[in-house]
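Undergrad: Taken in order, the sequence shown gives residues -25 to -1, 1 to 245; the numbers are from mature numbering (1 follows the signal peptide of the UniProt record, and there is no 0). Positions of the beta carbon are idealized from the N, C-alpha and C atoms, including for glycine. None of these values were measured; they are calculated from a predicted model. Have a look at the structure that comes next, please.
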Amino acid sequence: MADRKTYRRAFTVSAILLSASLLTACGSTTPEPVATSPKTSSTATAPQPESQQNSAAEPAQQATGPEAARAKYDIDSPGSITVVVNKQRPLRPLDYYPEGMVQPEIPNLQGQPLRPEASAAATEMYHAAKAATGAGFAICSGFRSYDLQAQLYRGYAAESGQQEADQFSARPGHSEHQTGLAMDIVAEGSGCRFDDHLYVTATGQWMNENAWRYGFILRYDYGLQPIVGYMTEEWHWRFIGKELAAEMHHSGVKTLEEFFGTGAATEYAE
């Protein structure tokens, strides 16, 4: 989430297995012995319908949906790359500080570090974007400690009022930046200005189409405020790992709240 938020814009398949049963023919009841053909013999085994044969050969369908997702991924531990942090789900402990953070080897305007996994993925994505479009991006904001977030939030609340500040700034202990997995990015060479509309540049468009391949999602995309609780931030990218990012991309679900079924997070749990 950026230091200043300048834009606002509110944004199973269940398989049905059909089965059928076949009745076996009854034997003859006449007193005279008669020859019985294989087709009508009471001991003959009826052929299994093709659909039943296929069903027996196929493994059980893997469970899907929010409950299965929560069983697969750790969304509670602060050190998990798939942790869900929002107004309803603070970090535990509130002053969590990730260990072993590193400096990404890409333009980083304020020198704020990231978790190693996020840093490596951001570096890989930067070089891929630059190779594809001729321009990269720069990190304007990376990790923020509890204390720094508290300082920023107090300033916004004093200037704009708490209700307004809550629309664009996270309270300390509720910020994705505190996980070391989120970064605010800008066009390379533009400085820390969030009015450059990287979103509509060739690099921004490339990222919108390909960031999931590197484990990132645009956390506060257009139209998602009723779910995520914050105004649109076309610059806030969150690392969740390539596996989860791919699952979300292919499912069409854009928010962690919907994918894991944690519910909308528009208000703080006081």
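1. Determine which residues share a DSSP beta bridge with A162 and list them.
2. Provide the residue(s) that pair with R213 in DSSP beta bridges, ordered along the chain.
3. Find out if the Cβ-Cβ distance for the pair K229, D196 is shorter than 8 Å.
4. Would you be able to state if there are at least three C-beta pairs under 8 Å between the segment 116 to 130 and the segment 88 to 100?
5. Does DSSP put residue 247 in a helix, in a strand, or in coil?
6. Could you have a look at N61 and say whether DSSP puts it in helix, strand or coil?
7. Does the Cβ of V175 have 16 or more other Cβ atoms within 10 Å, making it buried, or fewer, making it exposed?
8. M100 and F235 look like a contact to me (Cβ under 8 Å); what is the Cβ gap, rounded to whole Å?
9. Ordered along the chain, which non-local residues of its own chain (more than five positions away) have a Cβ less than 6 Å from that of S226?
10. Quick one: any contact between the segment 175 to 185 and the segment 142 to 159, if contact means 3 or more CB pairs under 8 Å?
11. Name the one or two DSSP bridge partners that A77 has.
12. Hey, I56 and F112: beta-carbon distance below 8 Å or not?
13. Using a Cβ distance threshold of 8 Å, determine whether the segment 126 to 138 contacts the segment 202 to 216, with at least three qualifying pairs required.
14. Excluding the 5 residues flanking A110 on each side, which residues of the same chain have their C-beta closer than 8 Å to its C-beta?
15. Once the 5 residues before and after A44 are set aside, which same chain residues still bring their CB inside 7 Å of it?
16. Tell me which same chain residues have a C-beta within less than 7 Å of the C-beta of A220, skipping the five on either side of it?
17. To which residues of the same chain is A157 closer than 6 Å at the C-beta, ignoring the five residues directly before and after it?
18. Can you look up G198 in the DSSP assignment and give me helix, strand or coil?
19. Buried or exposed for Q126, going by 16 or more other Cβ atoms inside 10 Å?
20. Among the residues of its own chain, which have a CB less than 7 Å from the CB of P79, if the five just before and after it don't count?
21. Which same chain residues end up closer than 7 Å to G75 when comparing Cβ atoms and leaving out the 5 residues on each side of it in sequence?
22. What's the call for G204, buried or exposed, on a 16-neighbour Cβ count within 10 Å?
23. Give a yes or no on whether the C-beta atoms belonging to A239 and R64 are separated by under 8 Å.
24. Whole angstroms are fine: how far does the CA of K47 sit from the CA of G166?
TA: Once the coordinates are examined:
1. F112.
2. Partner(s): A157 and I192.
3. With a cutoff of 8 Å on beta-carbon distance, K229 and D196 are scored as near each other.
4. The segment 88 to 100 vs the segment 116 to 130: in contact.
5. Missing from the structure shown is residue 247; the chain here goes from -25 to 245 and no further.
6. N61: coil per DSSP, three-state reduction.
7. If you draw a 10 Å sphere on the C-beta of V175, you find fewer than 16 other C-beta atoms in it, and that means exposed.
8. Not a contact, Cβ separation roughly 24 Å.
9. Around S226: no qualifying Cβ.
10. Short answer: they don't touch.
11. Here residue 77 turns out to be Val, not Ala, going by the sequence shown. According to DSSP, V77 bridges with L89.
12. Taking 8 Å as the cut-off, the Cβ atoms of I56 and F112 do not count as close.
13. As far as the Cβ criterion goes, the segment 126 to 138 does not touch the segment 202 to 216, which means the pair count is below three.
14. The beta carbon of A110 is closer than 8 Å to those of A104, A162, E163, T176, A177 and T178 in its chain, skipping five residues each way along the sequence.
15. Closer than 7 Å at Cβ, skipping near neighbours: F234 and F235.
16. Contacts found: W187, G190, F191 and I192.
17. Excluding five sequence positions before and after A157, the CB atoms of its chain that fall closer than 6 Å to its own CB belong to E151 and R213, given in chain order.
18. G198 falls in the strand class under three-state DSSP.
19. So Q126 ends up on the exposed side.
20. Leaving aside the five residues that flank P79 on each side, the residues in its chain whose CB is nearer than 7 Å to its CB run, in chain order, L89, S94, A97, T98 and I114.
21. Result list for G75: P91, in chain order.
22. Buried.
23. Result no, Cβ atoms of A239 and R64 do not sit closer than 8 Å.
24. The straight-line gap from Cα to Cα measures roughly 40 Å.
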